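Trainee:
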Amino acid sequence: MPRPVITLLTDFGTRDHYVAAMKGVILGICPEAQIVDISHEIASYSIAEGAYTLSQAWRHFPAGTIHIGVVDPGVGSKRRPVVIEAGGHLFVGPDNGLFTFALAAAGKWRARHLRNVRYFHRPVSRTFHGRDIFAPVAAHLAAGVDPQELGSLVRTLTKFPSALPQKSGKSRCSGTVISIDKFGNVVTNITLSDVPWIGKSPFELRVAGHIVRDFRPHYSAKTTAPFLVQGSGGWLEISLAKGHASNQLRIHPGDPVEIQKN
Amino acid sequence: MPRPVITLLTDFGTRDHYVAAMKGVILGICPEAQIVDISHEIASYSIAEGAYTLSQAWRHFPAGTIHIGVVDPGVGSKRRPVVIEAGGHLFVGPDNGLFTFALAAAGKWRARHLRNVRYFHRPVSRTFHGRDIFAPVAAHLAAGVDPQELGSLVRTLTKFPSALPQKSGKSRCSGTVISIDKFGNVVTNITLSDVPWIGKSPFELRVAGHIVRDFRPHYSAKTTAPFLVQGSGGWLEISLAKGHASNQLRIHPGDPVEIQKN
Amino acid sequence: MPRPVITLLTDFGTRDHYVAAMKGVILGICPEAQIVDISHEIASYSIAEGAYTLSQAWRHFPAGTIHIGVVDPGVGSKRRPVVIEAGGHLFVGPDNGLFTFALAAAGKWRARHLRNVRYFHRPVSRTFHGRDIFAPVAAHLAAGVDPQELGSLVRTLTKFPSALPQKSGKSRCSGTVISIDKFGNVVTNITLSDVPWIGKSPFELRVAGHIVRDFRPHYSAKTTAPFLVQGSGGWLEISLAKGHASNQLRIHPGDPVEIQKN
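What follows is the structure, encoded as structure tokens:
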């Protein structure tokens, strides 16, 4: 039988002891768990960045994987801890919108409010539910506990205000920058299905005072001008060959993006 | 039989090959080891920060876990390499005070000077005992070698000059800042048991020119003033809701902290 | 049977979802794989730094380990994806010179052009061969697929322009700085075998306007002057006791280094 996989996504960083404490708790409950870090470098308290990063990673893991997400500015306050079954995977974390993008892709979901303290690490602190609630609950799930033992069903989940692109007729689309990756590629919330004429007709993309007119199949190009590329997650990205588009063009998350067919 | 767990805490960073070399050596000796990183971002040569971080993490791991600690400014000089049994766990590293806080919590200990070169990676370099002594010794322990084969007993260990808080009567306590976490929370060396009237009586905490009078149960608060909270490790912390207390208030490790009951 | 080990070296960083996506793909194909990170903090597009770091790490892993290397500025263009058998290990990545230093140490090699799409993650994107080609191929190898099923033999591999030191007679050697480690130690491409008189005769090393005359057995020294030490990888390094030699002496990768016997 394959070892159960548990992934971790947090804004804890890797300098402090927080992530290790969660892993220690998991291994104490489910020694055969295979723990994989998705990222611990989500900007502190940024539910949007956490939701985006998780949405890009979760579907590459095998069915049955348990994903712990902890970007939790409201820890200790009234927001609910939940477990969500969707797309053949399990998601464990606070009900604050962190799973919005993953669930939009996964389709149907079933969620439960984590209330059975039998599966918590006790005493539960007011400041570290990652260690005291989410890690032990995920480990018990990995060890075979049925989700229905963890709490009663929840009918609605908090949704992150989604920023879907707006189309105006068949030749215009307005979106925003949602992420900058380590290489400086500027990820927009616009996909090729929103602008199917890209790559076939001339176009103009406007962002932060720049105009981009070039669409390329990959990042390797012999031009010094910025170009558009379809990133591996499906979204359109603005890129500079061997450069850092975000820094050099001064484009930031939240900047508006306009694309128009010419 | 559960897989043996080996944790790693170093000041090596994760950019260079150092940590990977240690993991390679471990897996060559004990392929079934489950290796978990505690932190590799301890400030270079900071035994204090390493000792604090290890003390917060080790006790969450299952009994029998082997913890390798390598913050070792004296590598290659006369400081002794040791293995320490305490609290049902094993600690492997230099005898330079790195395990002081963990051992204070674990209680009774038994230590040995690592001298049996049969369990070393040879030739032993003068600059990288993490790879050549500590990783292979930990792996052999994980594979079942008895600690008494590794060297003879040691009667005293180097202690890190501990900075316990000082109480003056029943209404005052003086301590210091021992760590800043990734969120900017300012961790002091004072616990609620040192100042049991906190949360029940009015008080004033003075640090770096600021006065804090507010005690809160968790980090989620609707105030812009700094407040005191009991961190998940038990120590009192100075925090700003959704802010970075250390940067915004200019509080640094080593700063004195005074608490007085009003 | 021991679990197959797969290592990862990339310039992806650990903030984004890229590394996690690769690990998810691996575990979907070979659930028993033991995945170890070598480094994800190679400077973006720096094949030289990646080649150096991999060369220092790979040989510490057990025979049969599969090393994935992805520093790939040419992803999606014509450079070939390859698998290389050498020194009892397997290397999977782009044929762009990234494996040059490892292969120089490993000796004889046999390489194949990865062309059998049956072992790819489909559809193969133009921007993320780490996830779509290298991770799944490595996982299939770990699961027992024979390299000869992956593609036909390749006769030559792209070599990174190696920067071997130049000797002038028996008393001079010219080299360069190849890396700075996290502690600021300045790693040169000169080994003790190039200058066997070091440590026995007086010498002068010149770098970035500084003269170093002191050779020490390890990093722990009571001097404030820079000194030379043999690093754990065998190369000579310029170091400052408890200081950061690169920052304080303003020495950078690529700087020329001259050593002369006096």
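Line by line, the protein sequences give chains V, H and A.
Going left to right, the first sequence walks through residues -13 to 248 as our numbering numbers them.
Going left to right, the second sequence walks through residues -13 to 248 as our numbering numbers them.
Going left to right, the third sequence walks through residues -13 to 248 as our numbering numbers them.
Cβ atoms here follow ideal geometry from the backbone N, Cα and C, with glycine treated the same way.
No experiment lies behind these values; they were computed from the predicted model shown.
Which term fits Lys37/V, buried or exposed, when burial requires 16 or more other beta carbons within 10 angstroms of its beta carbon?
Mentor: Looking at the sequence shown, residue 37/V is not Lys but Ala. Its Cβ being crowded by 16 or more others within 10 Å, Ala37/V is buried.
Trainee: Just verifying my parser: in three-state terms, what is the DSSP assignment at Thr144/V?
Mentor: Correct three-state label for Thr144/V: coil.
Trainee: Comparing alpha-carbon positions, which option in Ala121/H, Lys186/H, Ile21/H lies nearest Arg108/H?
Mentor: Residue Ala121/H is the option with its Cα nearest to Arg108/H.
Trainee: Are the Cβ atoms of Tyr105/H and Val131/H separated by less than 8 Å?
Mentor: Yes. Within cutoff.
Trainee: Distance cutoff 8 Å, beta carbons only. Does Glu18/A sit that close to anything in chain H?
Mentor: Not an interface residue.
Trainee: With 8 Å as the threshold, decide whether the Cβ of Thr39/H is near any Cβ in chain V.
Mentor: Yes, because at least one Cβ of chain V sits closer than 8 Å to the Cβ of Thr39/H.
Trainee: Check Gly79/V in the structure and name its three-state DSSP category.
Mentor: Note: Gly79/V maps to strand in three-state DSSP.
Trainee: For Thr(-7)/A, go through chain H and note every residue whose CB falls closer than 9 Å to its CB, in chain order.
Mentor: Neighbours of Thr(-7)/A on chain H, chain order: Ala6, Lys9, Gly10.
Trainee: Secondary structure at Asn233/H, three-state DSSP: helix, strand or coil?
Mentor: Residue state, collapsed to three classes: helix.
Trainee: Measure from the C-beta of Ala125/H to each C-beta in chain V and report whether the shortest distance is under 8 Å.
Mentor: By this cut-off, Ala125/H is not an interface position.
Trainee: Taking CB distances under 8 Å as the criterion, tell me whether Pro212/V reaches chain H.
Mentor: It does not: the Cβ of Pro212/V has no partner Cβ on chain H nearer than 8 Å.
Trainee: May I ask which residues mark the beginning and end of the alpha helix (DSSP H) holding Phe114/H?
Mentor: Counting along the chain, Phe114/H falls outside any alpha helix (DSSP H), and DSSP gives it neither H nor E.
Trainee: Report all residues from its chain with a CB closer than 8 Å to the CB of Ser32/A; omit the five preceding and five following residues, and keep chain order.
Mentor: Hits under 8 Å: Asp(-3), Val57.
Trainee: Who are the neighbours of Ser32/A on chain V, taking C-beta pairs under 8 Å?
Mentor: Result: empty, since nearest Cβ-Cβ is about 11 Å, beyond 8 Å.
Trainee: Can you list, in chain order, the residues of its chain whose CB lies under 6 Å from that of Val22/V, leaving out five sequence neighbours each side?
Mentor: Correct list, in chain order: Thr(-7).
Trainee: Tell me Val123/V's beta-bridge partners as DSSP assigns them.
Mentor: DSSP, once it has assigned bridges, lists no residue as partnering Val123/V.
Trainee: Where does Thr39/V fall in DSSP's three states?
Mentor: DSSP places Thr39/V in helix when its eight states are reduced to three.
Trainee: Spatial neighbours of Ile164/A within its chain, please: CB distance less than 8 Å, with the 5 preceding and 5 following residues excluded, ordered by chain position.
Mentor: Counting only Cβ-Cβ distances below 8 Å, and skipping sequence neighbours, we find Ala34, Tyr38, Ala149, Val173, Thr174, Asn175, Trp221, Pro239.
Trainee: What does Ala43/V reach in chain A if we use C-beta pairs closer than 8 Å?
Mentor: Under the 8 Å cutoff, chain A gives His3, Ala6, Ala7, Gly10.
Trainee: If the cut-off is 9 Å on Cβ atoms, which residues from the segment 136 to 159 of chain A count as contacting chain B, listed in chain order?
Mentor: Any reference to chain B falls outside this structure, whose protein chains are V, H and A.
Trainee: Going by DSSP in three states, Ile12/A sits in which element: helix, strand or coil?
Mentor: Helix at Ile12/A.
Trainee: List, in chain order, every chain H residue whose beta-carbon is nearer than 7 Å to that of Pro59/V.
Mentor: What Pro59/V touches in chain H: Ser206, Lys228.
Trainee: Are the CB atoms of Gly55/A and Leu(-5)/A nearer to each other than 8 Å?
Mentor: Result yes, Cβ atoms of Gly55/A and Leu(-5)/A sit closer than 8 Å.
Trainee: Would you identify the three-state DSSP class for Glu223/H, choosing helix, strand or coil?
Mentor: In this structure, Glu223/H counts as strand in the three-state DSSP scheme.
Trainee: Identify, in the order they occur along the chain, each residue of the same chain with its Cβ nearer than 8 Å to the Cβ of Arg117/V, setting aside the five sequence neighbours on each side.
Mentor: Only Tyr4, Ala7, Met8, Val11, His107, Ser111 meet the Cβ criterion.
Trainee: In chain order, what residues of the same chain lie with their CB nearer than 6 Å to the CB of Phe201/H, ignoring the 5 residues before and after it?
Mentor: Excluding positions up to five away in sequence, the list reads Ile184, Gly185, Leu214.
Trainee: Rounded to whole angstroms, what's the CA-CA distance from His126/A to Ile245/A? Just pull it up for me.
Mentor: C-alpha separation (whole angstroms): 48 Å.
Trainee: Which residues in chain V have a C-beta closer than 9 Å to the C-beta of Gly217/H? List them in chain order.
Mentor: Result: Ser111, Thr113, Phe114.
Trainee: Less than 8 Å separating the beta-carbons of Leu76/H and His46/H?
Mentor: Cβ atoms of Leu76/H and His46/H: not closer than 8 Å.
Trainee: Could you check the C-alpha separation between Ile28/A and Leu13/V for me, to the nearest Å?
Mentor: Roughly 31 Å separates the two Cα atoms.
Trainee: Should Arg(-11)/V be flagged as near chain A, meaning a C-beta pair shorter than 8 Å?
Mentor: By this cut-off, Arg(-11)/V is an interface position.
Trainee: Which bits of chain A does Ser25/V rub up against, with CB to CB less than 9 Å?
Mentor: By Cβ distance, chain A contributes Thr0, Arg1, Asp2, His3, Val5, Ala6.
Trainee: Between Phe169/H and chain V, is the shortest Cβ-Cβ distance under 8 Å, so that the two count as touching?
Mentor: Yes, its Cβ sits closer than 8 Å to a Cβ of chain V.
Trainee: Report the neighbours of Pro203/H on chain V: residues whose CB is nearer than 8 Å to its CB, in chain order.
Mentor: The answer, in chain order, is Gly62, Arg112.
Trainee: Closer than 8 Å, Cβ to any Cβ of chain H: which residues of the segment 181 to 199 of chain V, in chain order?
Mentor: If the cut-off is 8 Å between Cβ atoms, the segment 181 to 199 of chain V has nothing near chain H.
Trainee: Drop a sphere of 10 angstroms on the beta-carbon of Ile119/A, count the other beta-carbons inside from all chains shown, and report buried for 16 or more, exposed for fewer.
Mentor: It counts as buried.
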